[in-house]
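Report on the following structure.
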Amino acid sequence: MKKWGFLIVLLVCGCVVFINYGSIFEPKVDINVEVVEYENAKVEDSGTADNTQKIKITKEQIYQGNLLLVNSEYPVRKEGVKSDVVNLFKRNELVKGYGVLYNDTYLSEDIALEFSEMIAAAEKDGVDNFWITSGYRSFDEQKELYQEMGSNAALPAGYSEHNLGLSLDVGTTQTTMAKAPEGEWIENNAWKFGFILRYPEDKSDITGIQYEPWHIRYVGLPHSAIMKKKNFVLEEYLDYLEENKNVSAKVEGKNYTVSYYPFSENMTIDIPKDKEYVISGDNMGGVIVTVYE
Ligand SMILES: [Zn+2]
1 MKKWGFLIVL
11 LVCGCVVFIN
21 YGSIFEPKVD
31 INVEVVEYEN
41 AKVEDSGTAD
51 NTQKIKITKE
61 QIYQGNLLLV
71 NSEYPVRKEG
81 VKSDVVNLFK
91 RNELVKGYGV
101 LYNDTYLSED
111 IALEFSEMIA
121 AAEKDGVDNF
131 WITSGYRSFD
141 EQKELYQEMG
151 SNAALPAGYS
161 EHNLGLSLDV
171 GTTQTTMAKA
181 PEGEWIENNA
191 WKFGFILRYP
201 EDKSDITGIQ
211 YEPWHIRYVG
221 LPHSAIMKKK
231 NFVLEEYLDY
241 LEENKNVSAK
251 VEGKNYTVSY
261 YPFSENMTID
271 IPKDKEYVIS
281 GDNMGGVIVT
291 VYE
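At the far end of the sequence shown sits residue 293, using the working numbering, and the numbering has no gaps.
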């Protein structure tokens, strides 16, 4: 690893780095999200419901998608790694409005596009000094990092969200993210673009990871918005879905329904024919269907 100074090493490698800055930023955003939990109102299997289609769910789907939980209990499985991981340094048309610190920085192409959209919005707010300090890491790279940094500063291979391609570390050249306007902007606005601050300061007892103001994770809308509204980390959000089964959300004027299903052999799910939907596993034993109403 190149020697860029302590700050940069901290930003790049710090998946479990111990930092305990005080909370200097209080969220100041108006979160325009309405969330309603409801009883299962789906069309039953009557054989006549021609406005729905039956989608077969396979076991691998538990381990694929943007809502996968990765922590010390639930490691990344190979099938969960994003299939569209690209080298950002070589695909510089994807890199707009921010810098990439290392020429071997990889990320899911889809996530890179979402990230660029978020950075463009930050720039409009006058916050424009973002660097990606780490993106996707292969299991081998994670293993190397773990051996190099030790268990206080890195996670073992397969237990880091960076192994999915859905997470990235964001830094700024001026100061630490805990103090920078870039960190404050992300904390307040990332949810609008499908990103979450995965390891908030007040949830380390749940996540098992100390506050990491630089580590963001893509989950997509409306999930990031519901999590922000309800102050949930991913562990809490997935428990909430499992418990409630069906949730509808209105996020900045757009409607979504989110449904949780425990996986069982030969299962099928009824989905409206004319609606867009996304299926993601939770990496534990269930799948979540998000329908764009
Ligand atoms: Zn990270």
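In this text, a Cβ means the ideal position worked out from N, Cα and C, and glycines have one as well.
- The alpha-carbon of L168 is positioned some 42 Å away from that of D50.
- Inclusion of Y38 and V247 in the CB contact set at 9 Å is warranted, their separation being smaller than that value.
- In the three-state reduction of the DSSP assignment, E73 falls in the coil class, being assigned neither a helical nor a strand state.
- Less than 9 Å divides the Cβ of S259 from the Cβ of K245.
- In this structure the segment 69-76 does not lie against the segment 104-118, because fewer than three pairs of beta carbons, one per stretch, are closer than 8 Å.
- In the structure shown, E276 adopts extended strand secondary structure according to DSSP, grouped into three states.
- Ligand 1 has a heavy atom closer than 8 Å to the beta-carbon of S134.
- Cβ atoms of V81 and L107 stay farther apart than 8 Å, at about 12 Å.
- In the structure shown, W191 adopts helical secondary structure according to DSSP, grouped into three states.
- In terms of side-chain proximity, the C-beta atom of S167 is found nearer than 8 Å to a non-hydrogen atom of ligand 1.
- In the DSSP assignment, H215 falls within the unbroken beta strand (DSSP E) covering H215 to Y218.
- Beta-bridge partners assigned by DSSP to I57: none are found.
- DSSP, read as helix, strand or coil, puts I196 in strand.
- In this chain, I209 is not harboured by any beta strand (DSSP E), its DSSP state being neither H nor E.
- D169: not part of any alpha helix (DSSP H); member of the beta strand (DSSP E) spanning S167 to G171, first to last residue.
- When the five nearest sequence neighbours on each side are left out, the beta carbons in the same chain lying within less than 7 Å of the beta carbon of K273 are those of N51, T52 and Q53, in order along the chain.
- The C-alpha of G126 is placed about 36 Å away from the C-alpha of I279.
- The beta strand (DSSP E) runs of length 3 or more contained entirely in the segment 238-284 are, from start to end of the chain, 246-251, 254-262, 268-272 and 276-281.
- By DSSP's assignment, G286 forms a beta bridge with P262.
- At a Cβ-Cβ threshold of 9 Å, F193 and L221 count as neighbours.
- In the three-state reduction of the DSSP assignment, G126 falls in the coil class, being assigned neither a helical nor a strand state.
- Around the CB of P213, 16 or more other CB atoms lie within 10 Å, so the residue is classed as buried.
- Here E34 carries a strand assignment [DSSP, helix/strand/coil].
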